[in-house]
Every structure is written in structure tokens, then in C-alpha cells.
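Inspection log for the structure reproduced underneath, given as C-alpha cells.
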Amino acid sequence: MTKQDKISEAVVRRLPVYLRYLNELSASDILTVSSQELGARLNLNPAQIRKDLAYFGDFGRKGVGYNVSYLIEKIRQILKLDRPLYVALVGTGNLGRALSNYNTYLKDNMKIVSIFDADPSKVGMVINNLVVQPVEELAQTVKEKNIAIGIITVPAAAAQKVADRFVEAGVRGILNFAPTVLRTPEDVRIHQTDFTADLLSLAYYMNFDSEDTTKGTLEDESLVD
Ligand code: NAD
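Residue numbers in the sequence shown follow the working numbering, run continuously in steps of one, and reach 226 at the last position.
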């Protein structure tokens, strides 16, 4: 097992957070940053940040902090973002369109380069300079454009079929927005973005007044059609 295999998922997920802030610092011509500053800005424990970054080598200098551009370069290397990574998106409905438009802001070598839909009325539409292609062209485009990652923004019922297409085409990383569990071979990494579960679970943390007598369902209220 290589050293990188042992890095926990929590650390891997924090690295892009560091990277985003470091990019901001770099854009403001700030050359160095301490773990205290990073921690204060990102609401993380500085000791945690030092520990995370120590996994990958001795980047910081006592009393000086981290060299911003060096740290950006190192985190990009660790995340394998030191080379272009091409992404395809399937499902150009409400969410797919929003993400395709957001593409402009994706930095760090990752880019949505192709978008697909099964609806003939959407094929040929242009979203943020990308032409919607028929989903039948997915496999060929993945090969031609060397696409490594797939994004799924189709309804839950269609998501497995789209995942199968991605896998067959050779994609080994999938970001799934559809609220369904995908079955894929072990060597395919799935990241699930579950907007609804995230939102609904927030309810647990709300401190309702125990005297509150307004319990009921949304259907009871005139606000809901
Ligand atoms: P949508 O109905 O607006 O868009 C879905 C798109 O997928 C359509 O363009 C449709 O033609 C296409 N599609 C359907 N089957 C396909 C297939 N087999 N191959 C290729 N394309 C296919 O839906 P949406 O609101 O954009 O949501 C998309 C997914 O994301 C859903 O699973 C939804 O639950 C989830 N989601 C949506 C939101 C949101 O804010 N809209 C938020 C979180 C999660």
C-alpha cells in the first residue's frame, strides 16, 4: 500500500477546501499563510490543518508559515489536479444546466467538456458554449476527449442506466446527484451528492420551542398548492 492509499477520505475532502482559499490568497498576491490564518478563515483547527498537510511532506516553515504557491502546487499534485481532468455531464435539465453554467468557475484543471441528454428536443442546444449531444454518443466522446469523470443529473429512475454507460465507456469516477444508490464495479468511485437528505437532516438540529403547538404537515398549510 502506498502512503497515499492510507489518507483518510476526510483529509482528501478537506484538501480542495484548502486549495480554494489558497487560490484566493494567490489571486490577492499573498505569498505566505500560517496554519492559524487558514484555520481562522476556514473554521478548522490549525493543528488539524498542520496534521493534514504533514501527510504529504514538510511544507511549512516555523514562524513563516506556508508558501502559498508551493502549497497550491503540492495540493494539486496530491489531488492529481496537476494535469487536465475532463468531465462529462448527462442530464441537461434544471440541475444539469446550472452545473454546466457553473463550469466557468471550475478551476484547477477540471472541466466539463461534454454534455448529453436523451431528450431529442434538448440535443443541439448550447449551454455555456457546450452543445448538448445525444446520450448515444457518450462512449465515443469519452474516448475521443479522454474523459475521466462523469456527472449524473438525470431522474433517479434513469441514473443506473447512465452510470452503466459511463462505466462501459471507461469512466472511473462518478458524481451522482440523483437520489438513488448506484451499483458499479469496485474500481469505480462514486460520490453521492444528496441535496434532499442534507436539507432534511438539518431539521434535526433546529431548536424548536417545546411549547410550539404548530406541528403538522405542509399539506395542512395554505402556502402549499
Ligand atoms: P430535470 O427533469 O429538469 O432534468 C433531467 C434531465 O435528464 C432531462 O433533461 C431529461 O431529458 C434527462 N434524462 C432523463 N433520462 C435520461 C437518460 N436515460 N439519459 C440521458 N438523459 C436523460 O431534473 P433536475 O431537476 O435537473 O434533477 C436532475 C436530478 O438531480 C434528479 O435526480 C434530481 O432528483 C436531482 N436533484 C435535483 C436538484 C435540483 O435542484 N434541481 C437538486 C438536487 C438533486
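The C-beta atom is built at its ideal place from N, Cα and C for all residues, glycine as well.
Around Ser35, the same chain offers Gly66 as residues with beta carbons nearer than 6 Å, after the five sequence neighbours per side are excluded. Thr181 is the residue among Ala204, Leu203, Thr181 and Ser202 whose C-alpha sits nearest the C-alpha of Gln193.
Here the distance from the Cβ of Val65 to the nearest heavy atom of the ligand NAD is not below 7 Å. Of the heavy atoms belonging to the ligand NAD, at least one sits nearer than 7 Å to the Cβ of Pro180. In the same chain as Gln37, and ignoring 5 residues on each side of it, the C-beta atoms closer than 6 Å to its own belong to Pro47, in chain order. Around the beta-carbon of Gly151, 16 or more other beta-carbon atoms lie within 10 Å, marking it buried. Relative to the Cα of Leu82, the nearest Cα in the group Asp120, Leu72 and Ala11 belongs to Leu72. Ala89 is classed as buried because its beta carbon has at least 16 other beta carbons within 10 Å across all chains shown. Within 7 Å of the C-beta of Thr33 there is not a single heavy atom belonging to the ligand NAD. Apart from sequence neighbours up to five positions away, the residues of its chain that approach Val12 with a beta-carbon distance below 8 Å are Asp53 and Tyr56, ordered along the chain. Arg166 is a Cβ neighbour of Leu139, given a cutoff of 8 Å. Going by DSSP, Phe60 is part of no alpha helix (DSSP H) at all; its letter is neither H nor E.
In the DSSP assignment, Phe117 falls within the beta strand (DSSP E) that extends over Met111 to Asp118. With a threshold of 16 other beta carbon atoms within 10 Å, Gly217 falls short and is exposed. Val12: member of the alpha helix (DSSP H) spanning Glu10 to Ala28, first to last residue.
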